[in-house]
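K.L.:
A single structure is presented below for examination.
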Amino acid sequence: MDYSNHRAFYRPETAFNKIVDGVFLRYQPLHELSEGTLRRWQDRSFEVFKGLVDDKRVLGKVVEDTSWALLEKPPENVWYGEAKFNGRERPQVVVYRDSITTRLPTKLLFDLAGQSGTDHLFGHLCAFYAGKNDYGEEVACRYQFLAARERGRVTWNSVAGLVAVLHSLHKNIPLKNYSKALLSKKER
4 MDYSNHRAFY
14 RPETAFNKIV
24 DGVFLRYQPL
34 HELSEGTLRR
44 WQDRSFEVFK
54 GLVDDKRVLG
64 KVVEDTSWAL
74 LEKPPENVWY
84 GEAKFNGRER
94 PQVVVYRDSI
104 TTRLPTKLLF
114 DLAGQSGTDH
124 LFGHLCAFYA
134 GKNDYGEEVA
144 CRYQFLAARE
154 RGRVTWNSVA
164 GLVAVLHSLH
174 KNIPLKNYSK
184 ALLSKKER
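So, in structure tokens, the structure goes:
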């Protein structure tokens, strides 16, 4: 399938993004993002999203009916990957090997960020395959937040809080976006 007409959601240019780029893009990637690593993150997202979506057939479509690709360099302001859409056509997800995520200083941070980024992409796709009209950034960010909370423990609850704060700086997503996610375990 030709994905040349598929588009990702708008990515704002923020002062915070410029700072992050200035800090991380001067270094080479420290971690290899392989197909096996991506598959492991997809499998983990699949498991946690079982508790977040009502229709389990949606999850099968996220992995099986979506084109997932690993490419080298991301466009500006993309820290990990992006979901691309063209109306109701089959979406494409692109994850980048040479990204901010692969430049994080420790294996733990790389794994947490990669997993959380995969959760974000699952969020776009779950809303899309559930037939929702809105499968944009605010929805995907809430799913990402919910997935971290669903995993629980101190580490993942900390990731959930970090996700909310970083999205306000990175994507201009207001913190109030997460208020209904705090009240429910599912995206509505």
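So for the sequence shown, the working numbering puts the first residue at 4; every next one is plus one. Ideal Cβ positions, reconstructed from N, Cα and C, are used throughout, including at glycine. The structure displayed is predicted, hence computed values, not measured ones.
Tell whether a beta-carbon distance below 7 Å holds between A163 and D122.
P.N.:
Translated into positions along the sequence shown, residue 163 becomes position 160. Translated into positions along the sequence shown, residue 122 becomes position 119. Their beta carbons are not under 7 Å apart, which means A163 does not touch D122 by this criterion.
K.L.:
Nearest by alpha-carbon distance to E16: which of D46, D24, G39 is it?
P.N.:
On the sequence shown, position 13 is the one that residue 16 refers to. Checked all of D46, D24, G39; the closest Cα to E16 is D24.
K.L.:
Looking only at C-alpha atoms, which of F125, P78, V98 sits nearest to R47?
P.N.:
Indexing the sequence shown from 1 puts residue 47 at position 44. Of the listed residues, the one whose Cα sits closest to R47 is F125.
K.L.:
Ignore the nearest five residues each way along the sequence and tell me which others in L115's own chain have a CB closer than 7 Å to its CB.
P.N.:
Stepping through the sequence shown from its first residue, residue 115 is reached at position 112. Excluding residues within five positions, the ones whose Cβ falls inside 7 Å are V162.
K.L.:
When the Cβ atoms of the region 69-79 are set against those of the region 98-110, are three or more pairs found closer than 8 Å?
P.N.:
Yes, the region 69-79 is in contact with the region 98-110.
K.L.:
Going by CA-CA distance only, name the one from S7, W159, F52, L62 that's closest to L111.
P.N.:
On the sequence shown, residue 111 is found 108 positions in, with the first residue counted as 1. Closest by alpha carbon: W159.
K.L.:
On the DSSP letters alone, give me the boundaries of the beta strand (DSSP E) that Q95 sits inside.
P.N.:
The count along the sequence shown starts at 1 and reaches residue 95 at position 92. It spans 95-99 - the beta strand (DSSP E) in which Q95 sits, taken as one unbroken run.
K.L.:
Taking just the CA atoms, how far does E79 sit from A18?
P.N.:
Sequence index remark: in the sequence shown, residue 18 carries index 15 (1-based). Sequence index remark: in the sequence shown, residue 79 carries index 76 (1-based). Taking the straight line joining both Cα atoms gives about 13 Å.
K.L.:
Quick check on W82: does DSSP put it in helix, strand or coil?
P.N.:
Position 79 of the sequence shown, counting from 1, holds the residue named residue 82. Three-state DSSP puts W82 in coil, outside helix and strand.
K.L.:
Taking the beta carbon of P94 as the centre, do at least 16 other beta carbons fall within 10 Å, making it buried, or is it exposed?
P.N.:
Position 91 of the sequence shown, counting from 1, holds the residue named residue 94. The residue in question, P94, is buried, as its Cβ has 16 or more Cβ neighbours within 10 Å.
K.L.:
Rounded to whole angstroms, what is the Cα-Cα separation between R29 and R106?
P.N.:
The residue given as residue 29 occupies position 26 in the sequence shown. The residue given as residue 106 occupies position 103 in the sequence shown. Taking the straight line joining both Cα atoms gives about 10 Å.
K.L.:
For V51, I'd like the list of residues in its chain whose CB is within less than 8 Å of its CB, leaving aside the five on either flank, ordered along the chain.
P.N.:
Walking along the sequence shown from the start, residue 51 turns up at place 48. Same-chain partners within the cutoff: D122, A150, E153, R154.
K.L.:
Looking only at C-alpha atoms, which of Y13, Y83, R14, V66 sits nearest to P32?
P.N.:
Here residue 32 corresponds to residue number 29 of the sequence shown, with the count starting at 1. Selected option, being the one with the closest Cα: Y83.
K.L.:
State the Cα-Cα distance for the pair L186 and L178, rounded to the nearest angstrom.
P.N.:
The residue given as residue 186 occupies position 183 in the sequence shown. The residue given as residue 178 occupies position 175 in the sequence shown. Going by the C-alpha atoms only, they are around 14 Å apart.
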